[in-house]
DNA sequence: TGACTTCTTGAACGCCCTGTCAAGAAGTTG
DNA sequence: CAACTTCTTGACAGGGCGTTCAAGAAGTCA
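Protein chains in written order, with the working numbering: chain A, 12 to 210; chain B, 12 to 210.
Here it is in structure tokens:
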């Protein structure tokens, strides 16, 4: 029994990455299948055959986005001292190193954008988003715990609570920046947050 | 010359308020004119005649939302001591006293939701949103300056920067809460932020 | 080669959307 | 009353949307 057939004429991962960029810059609703067909140079039927319908396609892109982001996050926090790394993470919430939106403007965090657009109506999207947030706080909690143990981070609050607060800060910055980024003000606010963590 | 005609059969302000609730709970794109017609019990033509097209209608609702919010914000901060009031503001970002969404779930801040959905593509929306953020930071900056002068708030950072950071926190909390609110964790994070402001 | 499987293509379907418009209803004014 | 203005109603147009599908192309396997 032959299990093979005509091979795909495009690279699945690369196509998903480019779709991610488009979804990221335009949002879910404002990105039509036709937009995807035009941008990806893959016909409708092939997209449906490969990725399922639009929603599945989008959610897959969000998962990929988070996967990449989490890798960067973990790598960045695996250093000493911690606070400069944390500052770096807060400073660039709207851009990943490998995935930069096609417009020059910050597009925010795709997970955050998804939260605003699909949550809480879409339960699957809610799961993906909620899990990303849990992962973020878990990773930061670990790092902050190490920071506290090393005497670098203040122990006036629990690492869990500091991490949760930083989630709010990074998502807030990411969102607000879409409306126009005053880089100086943003940096000053971030430094204020970092200073508050200092032991 | 007669300047009058048949009077409107519905209350304009009340209709706008109810439209605001619908837009708030569903978002711009996911709210169809038909939804509005059904919910508001006002026919399409009347809506178009009164509020213009969908975008103008929505932006008017966002302006109203902000107007109400700003009134509450100003009133809440016009008290001593400042920090409890600030805590109250951070605690309830997703609900206004007078405007509560029809679902039990937090729907976030309508300005934040607009930022995610229409900004930066829609320049008029960007203006409305950016101005709301500027007003928020201005009001909080004033309050924090008074708090610093009174010795209640730490002067280890400039009031402007503290205010900007609080904007991020409130917007981040508001957004993240849509994906499911862990009230205990949220409160702990907010207390962490408030404690960091204490002199 | 021929059978089989998978991918590609692009036309077509049905749906819902925003926005318009003409006819009628409901007021005010003189 | 008649003239005038404004609002209401709901059908309608036109377009874009997501999705499907049949026919053909391009591979593998025996």
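Here a beta-carbon is modelled for each residue, glycine too, at the ideal position from N, C-alpha and C.
Check for me: the alpha helix (DSSP H) holding residue i runs from which residue to which?
i             : result
residue 95/A  : 93-102
residue 170/A : 170-187
residue 25/A  : 23-37
residue 195/A : 194-208
residue 49/A  : 44-51
residue 60/A  : 55-62
residue 19/B  : Taken as a continuous stretch (DSSP letters only), residue 19/B belongs to no alpha helix (DSSP H), as it is neither H nor E.
residue 129/B : Where residue 129/B is concerned, there is no enclosing alpha helix (DSSP H), given that its DSSP letter is neither H nor E.
residue 159/A : 134-160
residue 79/A  : 65-88
Residues in its own chain within less than 7 Å of residue i by CB, not counting five upstream and five downstream?
i             : result
residue 128/A : 38, 39, 40
residue 50/A  : 29, 33
residue 144/B : 178
residue 25/B  : none
residue 202/B : none
residue 113/B : Unreliable positioning characterises residue 113/B in this predicted model, as indicated by a pLDDT of 46, which lies under 50. The coordinate reading is nonetheless provided below. The answer, listed in chain order, is 32, 36.
residue 71/A  : 27, 62
residue 65/B  : 44
residue 168/A : none
residue 111/A : Reliability fails at residue 111/A, whose pLDDT of 42 lies under 50, so the model's placement of it is uncertain and no value is given.
residue 137/A : 130, 131
residue 54/B  : 48
residue 85/A  : 150
As a quick exercise: from the options, pick the residue whose alpha carbon is nearest that of residue i.
i             : options                   : result
residue 99/B  : 181/B, 188/B, 209/B       : 181/B
residue 191/B : 130/A, 205/A, 63/A        : 130/A
residue 171/A : 136/A, 24/A, 152/A        : 152/A
residue 132/A : 189/B, 89/B, 176/B, 91/B  : 189/B
residue 199/B : 178/A, 203/A, 209/A       : 178/A
residue 215/B : 102/B, 122/B, 90/B, 195/B : Absent from the model: residue 215/B. The displayed extent of chain B is 12 to 210, so no value can be given.
residue 69/A  : 195/A, 176/A, 135/A       : 135/A
residue 52/B  : 20/B, 148/B, 81/B         : 20/B
residue 148/A : 81/A, 67/A, 16/A, 208/A   : 81/A
residue 139/A : 16/A, 67/A, 62/A          : 67/A
residue 142/B : 73/B, 207/B, 88/B         : 73/B
residue 58/A  : 87/A, 90/A, 22/A, 85/A    : 22/A
residue 18/A  : 55/A, 61/A, 71/A          : 61/A
residue 89/B  : 195/B, 150/B, 166/B       : 150/B
residue 197/B : 117/B, 175/B, 125/B       : 117/B
residue 175/B : 195/A, 86/A, 56/A         : 195/A
residue 126/A : 166/B, 210/B, 96/B, 187/B : 187/B
Can you pull the chain A neighbours of residue i, defined as C-beta to C-beta under 8 Å?
i             : result
residue 24/B  : Those within 8 Å of residue 24/B in chain A number zero; the least Cβ separation is about 27 Å.
residue 134/B : Residues of chain A passing the Cβ test: none, with the nearest at roughly 11 Å.
residue 167/B : 206
Give me the chain A residues within the contact set of residue i, using Cβ-Cβ distance strictly less than 9 Å, ordered along the chain.
i             : result
residue 99/B  : Under the 9 Å cutoff, chain A gives no residues; its nearest Cβ is about 16 Å from residue 99/B.
residue 189/B : 126, 127, 130, 131, 137, 140
residue 87/B  : What residue 87/B touches in chain A: nothing, since even the nearest Cβ is about 19 Å away.
residue 60/B  : Simply none; closest approach about 27 Å.
Excluding the five sequence neighbours on either side, which residues of its own chain have a C-beta within less than 8 Å of the C-beta of residue i, listed in chain order?
i             : result
residue 93/B  : 154, 155, 157, 158, 161, 163, 164
residue 101/A : 177, 180, 181, 184, 201, 204, 205
residue 193/B : none
residue 87/A  : 96, 99, 100
residue 209/B : 94, 163, 164, 165
In its own chain, which residues sit with a C-beta less than 6 Å from the C-beta of residue i, not counting the 5 before and 5 after it?
i             : result
residue 173/A : 155
residue 204/A : 180
residue 207/A : none
Run through chain B and tell me which residues come within less than 8 Å of residue i, C-beta to C-beta.
i             : result
residue 146/A : Here the premise fails: no neighbours, minimum Cβ distance about 13 Å.
Identify the contact partners of residue i in chain A, using a Cβ-Cβ distance below 7 Å as the criterion.
i             : result
residue 178/B : 183, 187
residue 173/B : 203
residue 43/B  : Near residue 43/B there are no residues of chain A at all, since even the closest Cβ is about 12 Å away, more than 7 Å.
residue 63/B  : Result: empty, since nearest Cβ-Cβ is about 21 Å, beyond 7 Å.
residue 40/B  : 40
residue 200/B : 172, 175, 176, 179
Closer than 9 Å by beta-carbon distance: list the chain B residues that pair up with residue i, in chain order.
i             : result
residue 196/A : 148, 171, 172, 175
residue 123/A : 127, 183, 186, 187
Using the beta-carbon of each residue, which ones in chain B are nearer than 7 Å to residue i?
i             : result
residue 158/A : Chain B residues near residue 158/A: none, gap ~15 Å exceeds 7 Å.
Could you tell me whether the segment 71-82 of chain B touches the segment 43-53 of chain B, where touching means 3 or more Cβ pairs closer than 8 Å? No, the segment 71-82 of chain B is not in contact with the segment 43-53 of chain B.
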